[in-house]
Structures are given as C-alpha cells and as structure tokens.
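K.L.:
First the structure, then my questions, so here it is.
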Amino acid sequence: MNEQLQILLNTVCRAAGAAGEIATDTASTLKKRAGELISAARLRSRAADLRRETDAALRQVGEMIYATHTGHPTDSDTLLSKLQEIDALRQEIAQTEELLSRQPERVCPACGTAARSGDVFCRACGEKL
Ligand SMILES: [Zn+2]
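When we follow our numbering, the leftmost residue of the sequence shown carries the number 50, and every step to the right adds one.
In structure tokens, the structure reads:
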C-alpha cells in the first residue's frame with residue numbers, strides 16, 4: 050500500500066476512539082430539545098438537510114483518501130476534522146430521528162392534545178378526531 054495512505058489510515062484509526070466520547074453529550078442535549086415544541090415537518094426537513102451534509106462530507110473524505118493514494122497526500126488534521134464533522138452530523142441525525150419518533154401521529158384539531166392510535170374522539174375535550 051502507498052506509504053502516505055498507510056500513515057493517513059493509521060491516523061484515522063487512532064482517532065476512532067474520539068467518536069464514542071461525543072455520544073455522552075447526546076442525552077442532555079436530547080432532553081433539552083425535547084422540551085421545545087418542534088413540528089414533525091421541520092424535523093423531517095432538518096434530518097434531510099443533515100443527511101445531505103453528511104453525504105457531502107463523506108464524499109470529501111473519500112476524495113482526500115483517493116488524493117493521498119494518487120500521490121497528493123491530505124493533511125491528517127484536515128482529514129480528522131472532516132471525520133469529526135461527520136461524527137457530529139451523525140449524532141445530530143440520531144437526535145433528530147429520536148425526536149421524530151416521539152412526535153404524536155395525530156393531535157386533536159380543537160385542543161391540540163395528542164391522540165393515541167385507535168382514538169375516535171379526543172381524550173381531553175371530546176372533539177371528533
Ligand atoms: Zn381535544
């Protein structure tokens with residue numbers, strides 16, 4: 050294997066442990082965000098944006114590694130910061146999906162109370178759902 054590529058990959062392996070540390074912040078951030086009222090549509094839109102950003106960042110990482118393979122080595126720090134950016138993006142996608150999974154499927158048109166599956170009338174005000 051190309052020596053520069055090997056050096057780059059070694060650096061990436063050493064950084065692998067850092068991804069786990071970021072996850073410890075997830076719970077508190079999630080708790081804070083769950084308190085905010087965020088519409089499901091906005092969350093879905095945000096998740097789609099984050100996935101596009103992640104795809105672009107992954108492509109850049111691929112280009113950095115390929116450039117190294119072809120004799121134009123990428124600086125390790127540049128690659129690492131891009132990888133950490135992807136860690137953060139994936140963490141945010143997971144948080145967004147978690148929030149989406151907590152969104153009630155239906156709400157009462159009169160009072161906004163969340164309906165459970167199978168409800169025909171609102172449990173709070175009796176409005177037909
Ligand atoms: Zn109601």
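Heads up, the beta-carbon is just placed ideally off N, CA and C, and yes, glycines get one too.
Here the structure is a predicted model, which is why all the values come from computation and not from measurement.
(1) Between the beta-carbon of HIS118 and the beta-carbon of ASN51, is there less than 9 Å?
(2) Classify ALA164: buried if its beta carbon has 16 or more other beta carbons within 10 angstroms, exposed otherwise.
(3) For THR127, count the other beta carbons within 10 Å of its own beta carbon; 16 or more makes it buried, fewer makes it exposed. Which is it?
(4) Taking the alpha-carbon positions, what's the GLY84 to ILE142 distance?
(5) Shortest alpha-carbon distance to ALA173 belongs to which of ASP104, ARG108, ALA159?
(6) In its own chain, which residues sit with a C-beta less than 6 Å from the C-beta of LEU54, not counting the 5 before and 5 after it?
(7) So is the beta-carbon of ALA105 under 8 Å away from any non-hydrogen atom of ligand 1?
(8) Output needed for VAL169: all residues of its chain with C-beta closer than 8 Å, excluding positions within five of it in sequence on either side, in chain order.
P.N.:
With the given structure in hand:
(1) Along the sequence shown, read from residue 1 onward, the residue named residue 118 stands at position 69. Along the sequence shown, read from residue 1 onward, the residue named residue 51 stands at position 2. The answer is yes: Cβ separation under 9 Å.
(2) As a working note, residue 164 is residue 115 in the sequence shown. By the 10 Å Cβ count, ALA164 comes out buried.
(3) Taking the sequence shown and counting its residues from 1, the one referred to as residue 127 is at position 78. So THR127 counts as exposed.
(4) The residue you call residue 84 lines up with position 35 of the sequence shown. The residue you call residue 142 lines up with position 93 of the sequence shown. A caution first: GLY84 carries a pLDDT of 48, below 50, which makes its placement in the model unreliable, though a value can still be read off. Those two C-alpha atoms are separated by around 18 Å.
(5) Position 124 of the sequence shown, counted from the first residue, corresponds to residue 173. Ranking ASP104, ARG108, ALA159 by Cα distance to ALA173 puts ALA159 first.
(6) Counting from 1 along the sequence shown, the entry for residue 54 is found at position 5. The answer, listed in chain order, is THR117, HIS118.
(7) The residue given as residue 105 occupies position 56 in the sequence shown. No, the Cβ of ALA105 stays beyond 8 Å of every heavy atom of ligand 1.
(8) By 1-based counting over the sequence shown, the position of residue 169 is 120. Within the same chain, VAL169 has close Cβ partners LYS177, LEU178.
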